[in-house]
Structures are given as structure tokens and as C-alpha cells.
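Residue numbering for the sequence shown follows full-length UniProt numbering, beginning at 1 and increasing consecutively.
C-beta: ideal position from N, C-alpha, C; glycine also.
Keep in mind it's a predicted model, so treat the numbers as computed, not measured.
Only one structure is covered here, and it is reproduced in the block below.
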Amino acid sequence: MHILLIGANGRSAQAILPRLLEIKEVQLTLFLRRSERLQHLYNDRVRLVEGDANKVDDLVSALPGIDLVINTMGGMDLDRKTRNLVHAMENAQVQRLVALNAGGIYEELPEPFNSWDKSMVGFTRPVNLRSANVIEASSLDYTILRPVWLTDKPIEEFQLTQKGECFLGTETSRASLGRFIAILAKNPNLYSRCNLGISQSGTEGEMPAAYR
Ligand SMILES: NC(=O)c1ccc[n+]([C@@H]2O[C@H](COP(=O)([O-])OP(=O)(O)OC[C@H]3O[C@@H](n4cnc5c(N)ncnc54)[C@H](OP(=O)(O)O)[C@@H]3O)[C@@H](O)[C@H]2O)c1
1 MHILLIGANG RSAQAILPRL LEIKEVQLTL FLRRSERLQH LYNDRVRLVE
51 GDANKVDDLV SALPGIDLVI NTMGGMDLDR KTRNLVHAME NAQVQRLVAL
101 NAGGIYEELP EPFNSWDKSM VGFTRPVNLR SANVIEASSL DYTILRPVWL
151 TDKPIEEFQL TQKGECFLGT ETSRASLGRF IAILAKNPNL YSRCNLGISQ
201 SGTEGEMPAA YR
């Protein structure tokens with residue numbers, strides 16, 4: 001199983017990476033801008049590709065031989081980067097994609113958390129929604145993950161909600177993203193063409209603990 005991890009120097013990617021390497025048969029290609037930042041990770045299972053997801057050709061050149069792509073990028077150009085990625089994957093016939101997005105894009109958070117989240121980061125919802133729409137309209141075997149407020153807590157437990165269900169929880173640990181994505185890497189058919197909310201139980205409330 002050869003995995004392409006996009007946005008590899010990001011905080012979530014850095015939590016996902018060690019969980020992937022626990023799977024013996026995994027080979028990793030780390031895709032990032034300024035690859036010298038992760039040069040110390042290079043070994044016989046980990047290679048680095050320097051690239052910018054705003055450039056389709058950079059993505060195209062990283063895809064040969066890849067079985068699973070994990071996209072951890074965010075940003076106000078996420079829709080454009082996602083279009084590039086979907087286009088490159090469809091052309092390269094790489095089918096399996098796990099993509100981080102964000103809870104709230106369907107107004108699926110319970111009140112009053114939804115209104116609080118919207119007041120804080122509502123400006124990102126349209127671009128994240130467009131990004132999810134592009135993936136859902138593709139021919140790919142995708143799993144979209146909608147975390148809410150990310151934490152660096154070591155907790156790996158998670159709870160999932162399907163698209164259309166009201167969200168649970170106000171926090172998602174990056175460690176739980178790592179745990180869940182490793183489960184998907186081991187079982188590539190699991191949650192294919194699913195769009196999931198992911199969070200920790202016990203974090204329900206008006207806002208994440210750090211803001212209470
Ligand atoms: N923070 C939250 O509470 C929260 C909540 C819900 C959802 N999310 C979403 O969760 C995801 C991960 O969050 P995070 O905290 O891990 O983010 P992060 O640390 O900012 O990591 C994102 C990575 O994406 C990379 N990236 C962005 N544009 C790129 C491009 N054009 N080409 C290549 N790489 C690019 C960045 O690269 P550089 O290092 O080169 O800048 C960065 O390393 C994001 O999609 C975010 O929108 C975040």
C-alpha cells in the first residue's frame with residue numbers, strides 16, 4: 001500500500017504519519033512545499049515530493065504507483081486545490097481519497113455551537129462546502145472527514161456521524177484523525193463514498209473547552 005500524504009508538514013499530517021507507519025506494508029510519499037522541512041524523515045519507506053497543490057503538474061507527478069491519497073490541506077483556496085487533486089487522480093486512475101474538510105458546512109452542528117462556530121470560522125464554510133461538492137461529484141472512492149475544532153490532546157477515541165445527521169461534539173483530536181485514517185488505510189473499502197463527521201464524545205456543549 002503506497003500512500004500519498006498531502007500537506008505533510010501540517011499539524012494533522014504529523015499526527016497521521018506515525019499511525020500510518022505502524023502498518024508494516026505502508027510506503028509513504030510526503031507531498032509538501034519546501035520539502036527540506038521533512039528531509040529528516042526520508043528512509044526506505046518514506047520519500048518526499050516537493051510540490052504545490054495549486055499546480056496540477058506537481059500533483060500529477062506525485063501520483064504514479066499511489067494506492068491512497070490523504071489530503072490534509074485547508075485554506076481559502078481549498079476548492080481550487082481540491083479540483084486540481086480530483087482532476088489529477090481521475091486522470092491517473094488513482095481511486096482512493098481521504099480528505100479532511102470541516103464540520104459545519106451543512107449547518108449540521110447543534111445549536112448554540114453552530115452559531116458560535118459560524119461567528120468564528122463561518123467565512124471558511126463556503127470554500128469547504130465547494131471542496132466537498134467537488135469530491136462528491138467525482139468518480140473517486142472518497143471518504144470526506146469533517147472534524148470540528150482540532151486539538152492536540154492525545155485521545156484517540158472518536159465518534160462518527162453520517163452526512164445528514166446532527167453533529168456530536170465540539171472538538172476533534174488530531175490523534176483521533178491519525179487513528180481513524182490508519183484504520184481506513186488498513187481497510188480501504190471501509191467508508192468508501194462516505195462523508196463523515198468525526199469528534200470526541202464528552203466534548204458536547206456551546207463551544208470547545210479552550211473557549212469556555
Ligand atoms: N484547525 C481547526 O480547528 C480545524 C477545524 C476543522 C477543520 N480543519 C481543517 O483540518 C485540516 C488540517 O488542519 P491542520 O491544523 O492540520 O492544518 P495545518 O497545520 O495548517 O496543515 C495544512 C497543511 O496544508 C499545506 N498546504 C496548504 N496549501 C498547500 C498547497 N497549495 N500545496 C501544498 N501544501 C499545502 C500547508 O503547507 P505549508 O506548511 O507549506 O503551509 C500545511 O502544512 C485543514 O483542512 C483545516 O481546514 C481545521
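Residue span of the alpha helix (DSSP H) that contains Phe180, given as start and end: Where Phe180 is concerned, the enclosing alpha helix (DSSP H) stretches over Arg174 to Lys186.
Rounded to whole angstroms, what is the Cα-Cα separation between Asp57 and His40? When rounded, the distance between both Cα atoms is 25 Å.
C-beta contact flag for Leu38 and Ala15 at 8 Å: Leu38 places its beta carbon 8 Å or farther from that of Ala15.
Which stretch, first to last residue, makes up the beta strand (DSSP E) that contains Arg146? Its beta strand (DSSP E) spans residues Asp141 to Pro147.
Does the stretch 122-141 come close enough to the stretch 175-184 that 3 or more CB-CB pairs lie under 8 Å? No contact exists between the stretch 175-184 and the stretch 122-141.
For Asp159, collect the residues of the same chain with a Cβ closer than 8 Å to its Cβ; drop the 5 residues on either side in sequence, then sort them by chain order. According to the sequence displayed, residue 159 carries Gln and not Asp. So the list reads Leu168, Gly169, Ile198, Ser199, Gln200 and Ser201, once near-sequence residues are dropped.
Roughly how many whole angstroms lie between the Cα atoms of Leu4 and Gly65? Cα atoms of Leu4 and Gly65: separation of roughly 10 Å, rounded to the nearest angstrom.
Hey, which unbroken runs of the beta strand (DSSP E) at 3 residues or more fall wholly within the stretch 73-154? Segments of the beta strand (DSSP E) lying fully in the stretch 73-154: 96-100, 141-147 and 149-151.
Helix, strand or coil at Ser35 [DSSP, three-state]: Helix, per DSSP.
Same chain only: Cβ atoms within 6 Å of Lys163, ignoring 5 sequence neighbours per side: Excluding positions up to five away in sequence, the list reads Asn195.
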